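Visitor: Reading the sequence shown from the start, the letters are residues -13 to 261 in this note's numbering.
We put the beta carbon where it would ideally sit given N, CA and C, even for glycine.
None of these values were measured; they are calculated from a predicted model.
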Amino acid sequence: MGMPDAIKRLITRPRGLLLVTGPTGSGKTTSLASMLDFINHNYDKHVITLEDPIEYFHKHDKSTFNQREIGTDVPSFKEGLRRALRMDPDIILVGEMRDLETIHSAIEAAETGHVVFGTLHTNGASSTVNRIIDVFPQEQQDQIRTQLSTALIGVLSQTLLPRKPSGMCAAYEMMVVTPAIANLIRENKTYRIDSSIQTGRKHGMFLMDDSLFKLWRAGSVEKEEALGKAQKPTELAEKMRQAEEGTLQESDDDEIDDDDDDDEDDAPPRKGLKR
């Protein structure tokens, strides 16, 4: 599916909140299903999903699944999350974090030793952080910033574009919560998150416009489609123009999906450790 390599590292963490965001119909459910499928075939986990409705059915493999539908098995996401915590899950999927109680419960579950997957209808990592904090009353926001900075481990934003000559492909934005980004969340400096993503490529991070540029450069999507989905279309158009003229600086044209795993593979083996 072309998902970022950083996702594999994040979904195997022992605790934390991982959010998949994007507009309706952008493939969030499919991305989450593929993450759970990867876990199911590789790790021994207890997974509880809360969905409205259930769209992908997971058969037990190495992991054990309990899939619950809102309105049939549990009355609401909030109540389903509360009941799920009593069943010793390793991973909880919250199909949609649509209200204050559900968001608060998901953050607390992530703090208390569970991996929580959730979705939000936002575009980009910084707007996702702002959306979560803005749900809470003013007097609680400082506390939630602190909780979110420790609970959140990553945000994957995505959008779908028509692929040439047929089909669809996804463009992604990946934010991994490093100590620097956790500080920005805690100190209410979310406007600087995009800059931290740009400088965090060794952690597997990149912006949506970088992903769109790569898809266009590879000939996968039309230029107009990429610009239509861009966060900063003027800057992306200028970068495309420079690429067409051959004047694009090499540093602006780095691969966006390389991460520090590649660096580790190239490094000499440590003394006393088998590779």
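Would you call the CB atoms of LEU3 and ALA96 closer than 7 Å?
Guide: Cβ distance < 7 Å, so LEU3 and ALA96 count as in contact.
Visitor: Give the range of the alpha helix (DSSP H) segment to which SER135 is assigned.
Guide: Here the alpha helix (DSSP H) through SER135 covers 127 to 137.
Visitor: So what does DSSP say about ARG54, is it helix, strand or coil?
Guide: Of the three classes helix, strand and coil, the one that applies to ARG54 here is strand, per DSSP.
Visitor: If you measure between the beta carbons of PHE103 and LEU79, is that distance less than 7 Å?
Guide: Cβ atoms of PHE103 and LEU79: closer than 7 Å.
Visitor: So, do the segment 22 to 41 and the segment 127 to 140 have three or more beta carbon pairs nearer to each other than 8 Å?
Guide: Contact fails: fewer than three Cβ-Cβ distances are below 8 Å.
Visitor: Between which two residues does the alpha helix (DSSP H) containing MET194 stretch?
Guide: That run of the alpha helix (DSSP H) goes 194 to 203.
Visitor: Go ahead and pull the three-state DSSP assignment for GLY214.
Guide: Three-state DSSP puts GLY214 in a helix.
Visitor: Which same chain residues end up closer than 7 Å to ILE89 when comparing Cβ atoms and leaving out the 5 residues on each side of it in sequence?
Guide: The answer, listed in chain order, is MET83, ILE118, VAL121.
Visitor: Give a yes or no on whether the C-beta atoms belonging to VAL6 and THR105 are separated by under 7 Å.
Guide: A contact, by the Cβ cut-off of 7 Å.
Visitor: So, for ALA19: in the same chain, excluding its five sequence neighbours on each side, which residues have a beta-carbon less than 6 Å away from its beta-carbon?
Guide: Here the set comprises TYR42.
Visitor: Could you tell me the alpha carbon to alpha carbon distance between GLU55 and SER17, rounded to whole angstroms?
Guide: Answer to the nearest angstrom: the Cα atoms are 19 Å apart.
Visitor: Output needed for ILE93: all residues of its chain with C-beta closer than 7 Å, excluding positions within five of it in sequence on either side, in chain order.
Guide: Cβ neighbours of ILE93 beyond the five flanking positions: LEU3, GLN133, LEU134, ALA137.
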